[in-house]
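Here's the structure, in structure tokens; my notes come after.
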Amino acid sequence: MDTTLNNFTIQVATVNGSGSQSANLVLLRSIFNMGIPCNGKNLFPSNIAGLPTWFTIRVDERGYACRRKDVDICVAMNENTIDADVNELAPGSVLIYNEALSYRPRREDLVVYPCPFTALAGKVTTEPKLKKLLTNMVYVGLLQELLGLDPVAVEQAVQKQFARKAKAVSLNLGALKEGVAFAREKLTKRDAFKVERRDLTAGKILIEGNAASALGALFGGCTVCAWYPITPSSSLPEAFIDLAGKHRHDKDGKATYAVIQAEDEIASLGMVLGAGWAGARAMTSTSGPGISLMTEFAGLAYFTETPGVVFDVQRAGPSTGLPTRTAQGDILKVACLSHGDTQHIVLMPASVEECFTFGMEAFDLADRFQTPVFVLTDLDLGMNVWMSDPFRYPEKPFDRGKVLSASDLERIGKFERYRDVDGDGIPYRTLPGNPHPLASWFARGSGHNEAAQYTEKPAEYKRKLERLARKFETAKSRVPAPIVKNGGDGEVGLLAYGTSHWAVLESCDQLAALGVKADYARLRALPLPDAVEQFLASHRRVYVVEQNQSGQMMALLRMHFPAHAGKLRSILHYDGMPLDAATVTEQIAACEKESAN
Amino acid sequence: MDTTLNNFTIQVATVNGSGSQSANLVLLRSIFNMGIPCNGKNLFPSNIAGLPTWFTIRVDERGYACRRKDVDICVAMNENTIDADVNELAPGSVLIYNEALSYRPRREDLVVYPCPFTALAGKVTTEPKLKKLLTNMVYVGLLQELLGLDPVAVEQAVQKQFARKAKAVSLNLGALKEGVAFAREKLTKRDAFKVERRDLTAGKILIEGNAASALGALFGGCTVCAWYPITPSSSLPEAFIDLAGKHRHDKDGKATYAVIQAEDEIASLGMVLGAGWAGARAMTSTSGPGISLMTEFAGLAYFTETPGVVFDVQRAGPSTGLPTRTAQGDILKVACLSHGDTQHIVLMPASVEECFTFGMEAFDLADRFQTPVFVLTDLDLGMNVWMSDPFRYPEKPFDRGKVLSASDLERIGKFERYRDVDGDGIPYRTLPGNPHPLASWFARGSGHNEAAQYTEKPAEYKRKLERLARKFETAKSRVPAPIVKNGGDGEVGLLAYGTSHWAVLESCDQLAALGVKADYARLRALPLPDAVEQFLASHRRVYVVEQNQSGQMMALLRMHFPAHAGKLRSILHYDGMPLDAATVTEQIAACEKESAN
Amino acid sequence: MTTTPVAEATKANLNRAGLDKAAYKGSKSTLCAGCGHDAITNHIITAFYELGVEPQSVAKFSGIGCSSKTPAYFLSRSCGFNSVHGRMPAVATGALTANRQLIGVGVSGDGDSASIGLNHMCQIFRRNVRMLYIVENNGVYGLTKGQFSATADVGSRQKGGALNDYEPIDTCALAIELGCGYVARSFSGDGKQLVPLLKGALSHNGLAFIDVISPCVTFNNHDGSTKSYDFVKEHDIRLHELGFVPHYEEVSVEYDEGTTTRVDLPDGSYLTLKKLERTYDPFDKRSALSTLAASRASNELLTGLLFLDENRPTLDQRMKLTERPLIELTEADLRPGRAVLEEIMETYR
Amino acid sequence: MTTTPVAEATKANLNRAGLDKAAYKGSKSTLCAGCGHDAITNHIITAFYELGVEPQSVAKFSGIGCSSKTPAYFLSRSCGFNSVHGRMPAVATGALTANRQLIGVGVSGDGDSASIGLNHMCQIFRRNVRMLYIVENNGVYGLTKGQFSATADVGSRQKGGALNDYEPIDTCALAIELGCGYVARSFSGDGKQLVPLLKGALSHNGLAFIDVISPCVTFNNHDGSTKSYDFVKEHDIRLHELGFVPHYEEVSVEYDEGTTTRVDLPDGSYLTLKKLERTYDPFDKRSALSTLAASRASNELLTGLLFLDENRPTLDQRMKLTERPLIELTEADLRPGRAVLEEIMETYR
Ligand SMILES: Cc1ncc(C[n+]2csc(CCOP(=O)(O)OP(=O)(O)O)c2C)c(N)n1
Ligand SMILES: Cc1ncc(C[n+]2csc(CCOP(=O)(O)OP(=O)(O)O)c2C)c(N)n1
Ligand code: SF4
Ligand code: SF4
Ligand SMILES: [Mg+2]
Ligand SMILES: [Mg+2]
């Protein structure tokens, strides 16, 4: 029997609210503690308790981090889904199932390990609720033995998971042991999957994107956070609340930040704009339906030139859609959110590290360009656990943009809020409360001239719009540039953004193995920098990979680079599941074959 | 001195709230009554009383109906704007001004007729408020004499304007006479502008687009109208209220329609969707900010497949912008309104007649495709007075789409709300209250399968999205097709939609005179029908004329027809004023010159 | 297949619509075991079954939240519209205007109605749309994992310990203030009270609003919560003992006129309010408002029929709407004739 | 240029901030001649001038409507934010949280606050943001030409004759119900009453809400209107005669303790309420609510200070916000050090 070392997937099928999340995180961290790259994705229902949930761990020492569609090891704990879970397994996969379920094995082509998980947990405790929880740790023990997990690594993981709760630690270690013992005594290993210690995770972290974004906001100097709960965004402001609660106090212990749970998303953005206008770094965080509700205020922010940061943790669907599934379906909408001619700066982090850096950068850009900045992540990035290099302490100081203090005004002797003094389209602003007699101005969403006075004059109104266009021209060279990875010969280019990155990274290698050599540019921001055009110009066929139905980024590219519109092709994925490499590779390979014919 | 016959513009500069609107309409109708094509545009401030307002009449027996930028005859009644008004006049223009103003003529190159309007009105009445109103009729009298207006035509116009108010008629006729007498006695005609009776308006009507749209809703069978006031849309539902109040009662005098003034635009669309789901033909009407607020519900309607009609009378600006100025700035936004992958059917009438026909058609399309239909007009079309053929009585019966009654269900024996039975992407629906046991279903904005049951299954969710795409494919051949006007040789094509049509029509002739022969296709709906692609394919350069800053329709064309993206060029106009032909002609001529070089 | 004859026992379980209780159920609930909302679902099923309402004549509405999911769990033979967060009242208003024969039932949550949807709830009170409007009130956003909603009481604590010190929104007080004619409060665990209130609501001519305290076992059932089962049981003060006698009941029910008030409803049904400890007059708006304010101040939870007024015009009445449902009107009813168009054209000449 | 010496007479007109009244004016109004809103603008100017408020320390907020235009017409030395329709409270909340030293003044209309913006107004009452919130209430949407708003009274008629029969929203009743600590009603034509109320509001610690009946001469000043000058003059019942004594006034003002109540405000200023015909206790929430309900029923317009409670925590207090305005915090205050990041990273290992 061949051994498949440090390269497999585990899927635990369970029920939400059953407490399996701790066990799954222990499992994940055990592998991580052994120096092997891995990450975890939680596939959960839009429900609080009682419905099917799947946790998937991908172990891959090459570092590939996207979802893999095929499950190598299935741990089946859910009566209601076990038939389907088993049906989906490829021949040769491993099935571990709880003998307490009514399921009886029917497939001959699997490596099946039945285990009386519930009974084993019963050896550790007789308290029913606790027993239910501990059942999950038993499968971790079983896997420890089967995969060859280092017991020290596992124990460390348990300690970390149940930190400061000695009783929980010992109960869980007990359950773990039962699993190990059962496997040792009752099971004979008949499968190929093994782990072996490596040194590839030293210093690294395991973190969710929403926590990383919240850290960005903390280190980016955010002082006002107004939000309204919505999945999969809530954990971002909630992480900010935790972090600020710990790290943001003045010497009297008073808060140097404010968090307001607003009555809805309209008010959330309204509060952010009020705060931004007053001079604070303010943010909100939401998902699709909330973005839709923010539409009117987004236009006000654009037109009055008020800074603010909006995190959009995208989820699947038009309307309510699939609130607990992932997608990249808002990009076209957010790019021009609001009626009339409106456009926005949009950042598109692909990694948890970029959640952190862009989380800070967003505040700088908002202040610099005096406009709302949207940070688009998605459920996959925001709520799943990713391995990453630790975040580096920011070396760049805050960029608070063109704000004039009273003494600046005294020196300059004049002030017009909306005049393009520097020719870059960015005007100067003062903050309310500035005591200088020249400082005051009136912000309005209606037509205004350079002096911020009301106007309906066609020429003045047009001048304002043209300056705004100039400002966004300036922004092109200031937002994060695309990152290009060479590998091709000028024939084929790939374009992607956000979490699609991980699938495309792996797909590049898969394609190369199939003889398709491609360059790959990862887009990181709107407005689209000039470098994007260069990339398009230097390839004959460009595939735009994204997780939506209508090819929204491709649409933006076609709009902005019409000369290359004809060479763009969409590689789409929109069933709510995180994108995997095979889906990308298959579609591109098929297209390439056609191109070759 | 040459005579310029039946071809000039008059601009009356006045103050809003001063009652000049009646006088201006009398003037317009007098010309119309003489059989000469004309229309009137009101340029008013976002204010109730006291600010400058301009009313422009274009008289043109060739039938050109767009704005003309140059003013031939200026009637200056406003102290605050007279200097600017006079400055803008081209040499040789006529200036008529009220001697009661402090203004003293400074320009030698104008034909100037001073007139003591206020004093003349004082001869008719001493009551100050009335005198102010009547002052306006005096200039009508003056113009009657100067232009050679038929006194009978003018008197008819006065009778019509003040219908059923005998006293008002006689007072106004009195004021009119004073103007005529003064001109006769004190002025010598020194200008070229004259009218002469024609027979070009027989049977025609003068009407505003909003009234025409409301008529469409009335004859289209709208029964529920939920709205929230906003300029320039309010006069549409208000016209519907008037019309339905007169023509929609059952035999007991009870209303066969419902109008609800909602608390906001969110609720307006929510009510429309509730009514549409229940089986009524329902509509709302709004403008930019309201469209933004409707964003979330628009996605719900798309995804639950609920019919409803939304009129968007576009105004200028991102944000509040210029609420009393015109634009075509919402098209890209409305095309895909809401987060996620959403798309909509959009109708774009260019004329008051199309406001009527599309106003009806919208309800048929909404019912047929079970989706919201947006009718995009603009302030210029909605609130200005246009000459038109009378509206033809609709010959096509209502199309209520695929609704299954209890007896249908009995016959068919099964029902699944979201199954694509006919392969056209359009499912069947039942209405709540249908007594058949098979009839019930549950509408939800979350993921659902063919049986309308909740689902999070990737394949089921994707199938739903794909059927929706198929439905919109079907819609392409069902929405109004573009109208093509040939005149070119395959080199140059023009594309426009909505009110830009009128400027492009005239511009085509101007361009032809300059040697640029162009074909012209007028777009009338989204999704873009295949004929658009054919038009693009058969021209080397295509100019897309529209009234916004970012070239929104061009963006849609580039998205959908990438093979032709490179040949599209934007001709833009976005200062809030109605589009004129010269602006189009100049830009295109310049581009063509460049192409030739 | 064999046809099983309907057993006598089963027949006895059929209501006047000829249906058994199962016909009023919906799909299986996916809420947490023990959630108050599921209990309310059962009381709704009981009320509709016992009244013998034709399920097909009912239209169900909701927003978004655990509570807003429940219309899928009752009356599966009725059509329903699960709309967007906070906007249920608008959707219901449209549908019930379009078809005035529908029996409207809206289910919402405290987040849905008192936070994001507060404006729409207030305005539907003013419009007085004929429908039953239930708020399943647990003081938190259940579906998004337990944040405070706008009905959380001053002094109540979140599961994580956070304290609420914002004035709660008393939806019943707002309903009374804003012109709603049938206002009640109840508890998910008190079917004896809630079922008659639901039945009475269905006989009311206009909007009937019922705020039902409905504990969230997962996020708001701990010590420190004022919406937990324990707290409610301790602080619940029932204003009266409720009974409901439907209009089609042949035998008239006996009650003691000294202690019991009979409240007649427009369809001939009536409620009986049997006095308990306190005297409470549900017909006096001012006293209702001030009693509610006082109860809040003293941490009492008053349940029962808080206010009744059968004389408010409904939205349909205000609009002088035709008796026929608008959706039944045909082209002949709706499209004016040629002569009318010609006449209108003439006004524009 | 020559420097003109300040004349004695002018000097006498300078307030304690060293400014004359002109310094409190704004740009020229574009409202209709006679509009109530312009009168309110003048009273605002008077109050700020007389109090000697530094204009630069004020931030003005509004929504959309004729009323919402007015912040441009007063205090041109203050910054202002004319936002979107109905959402002023949100914008003000954000700004005043960001800079707690700003003196916030919000001006809204009845359409802006009681129709589209009702939810936000209700929630800002609950949050108790420190600011003066004025609703210029004319019962109609002025700027969109006269449609009824949600404050139109039952029985009032539109200019075109249409009758309103929806229950009006009494914004003051809602304010009291939802925890606002300073609630008043006045009339645009009654500067004697409104100016002290405005001054008192500026001394209040929390949200001070004033509903000012402000006739729309163009669309709602006819017979049949309940917001016309004539109607208000006939139905206005002043609850008390108001005086205001600022904290910096040296001489203490004499008043009769038998007929006059002194109401102390947190900054040391006080209001005097001299009894007129009726007895009214502005400190009792329940009686305030029931008196308001009764006045509505009997078509009386009660004006004056309706409710006062200085003991409600403000939003800033609830958030335990640092005294320094958030906007003054620097990178050193806001960006935790390297060690903190390292420590946080460790928790993720
Ligand atoms: C516009 C919008 N914002 C936020 C959400 C997320 N969301 C779903 S349910 C919910 C709160 C539900 O609370 P409540 O109405 O009290 O219902 P419960 O779950 O407590 O029964 C929220 C905020 C959403 N679906 N839509
Ligand atoms: C979202 C949105 N909807 C509608 C409008 C149109 N609108 C402008 S002002 C106004 C009503 C203003 O009424 P009110 O607040 O009472 O102010 P008033 O003019 O009476 O002082 C409306 C509906 C708008 N600007 N924005
Ligand atoms: S989370 Fe709370 S409200 Fe939601 S189902 Fe569970 S117990 Fe009920
Ligand atoms: S329309 Fe009414 S509210 Fe607006 S400015 Fe004129 S009088 Fe005032
Ligand atoms: Mg709740
Ligand atoms: Mg108003």
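Protein chains in written order, with our numbering: chain H, 1 to 597; chain F, 598 to 1194; chain Y, 1195 to 1543; chain A, 1544 to 1892.
All C-beta atoms in this analysis are idealised placements derived from N, C-alpha and C, irrespective of residue type, glycine included.
In this text the structure is predicted, and so the values were computed from the model without any measurement.
Consult DSSP for residue i and reduce its assignment to one of helix, strand or coil.
| i | result |
| --- | --- |
| Y/L1433 | coil |
| A/I1887 | helix |
| H/I426 | coil |
| H/R478 | coil |
| F/L1154 | helix |
| H/M77 | coil |
| Y/M1195 | Caution applies to Y/M1195, whose pLDDT of 35 falls short of 50 and renders its modelled position unreliable; the model cannot decide the point. |
Can you check whether the CB of residue j is closer than 9 Å to the CB of residue i?
| i | j | result |
| --- | --- | --- |
| F/P1034 | Y/R1271 | yes |
| A/P1632 | A/G1652 | no |
| H/R540 | H/P480 | no |
| F/K1114 | F/V1141 | no |
| F/S865 | F/T892 | no |
Could you name the residues of the same chain whose beta carbon sits closer than 6 Å to that of residue i, not counting the 5 residues immediately before and after it, in chain order?
| i | result |
| --- | --- |
| A/N1908 | The structure shown does not extend to residue 1908 of chain A, since chain A is modelled only from 1544 through 1892, so no value can be given for it. |
| H/L579 | S500, A503, Q547, H573 |
| H/Q587 | I571 |
| F/F995 | G818 |
| F/G979 | G806, N807, P829, V910 |
| Y/S1256 | S1262, P1265, N1276, M1282, V1301 |
| F/D706 | P688 |
Residues in the same chain with beta-carbon distance under 7 Å from residue i, minus the five sequence neighbours each way, listed in chain order, please.
| i | result |
| --- | --- |
| A/N1842 | H1778 |
Can you tell me which residues form a DSSP beta bridge with residue i?
| i | result |
| --- | --- |
| A/F1847 | One detail in the question is off: residue 1847 of chain A reads as Gly in this sequence, not Phe. Beta-bridge pairing links A/G1847 to A/R1728. |
| A/T1803 | A/K1817 |
In chain order, what residues of the same chain have a beta carbon less than 8 Å from the beta carbon of residue i, not counting five sequence neighbours either side?
| i | result |
| --- | --- |
| H/V59 | N6, N7, F8, T9, I10, I31, I36, P37, C38, V195 |
| Y/T1197 | At Y/T1197, the pLDDT of 42 sits below 50, so the modelled position is not reliable; the number obtained from the coordinates is stated separately. Around Y/T1197: no qualifying Cβ. |
In chain order, which continuous runs of the beta strand (DSSP E) of length 3 or greater are located wholly inside the region 1220 to 1300 of chain Y?
-> List check, beta strand (DSSP E) in window: 1252 to 1256, 1273 to 1276.
Whole runs of the beta strand (DSSP E) within the region 491 to 525 of chain H, excluding any shorter than 3 residues | For the region 491 to 525 of chain H, whole beta strand (DSSP E) runs of length 3 or above, ordered along the chain, are 492 to 497, 518 to 523.
Residues, ordered as in the chain, of the region 878 to 897 of chain F that lie near chain B by beta-carbon distance below 9 Å = Of the protein chains in this structure, namely H, F, Y and A, none is chain B.
Beta strand (DSSP E) runs contained entirely in the region 748 to 827 of chain F, provided each spans 3 or more residues | The region 748 to 827 of chain F contains these whole beta strand (DSSP E) runs: 802 to 805, 821 to 824.
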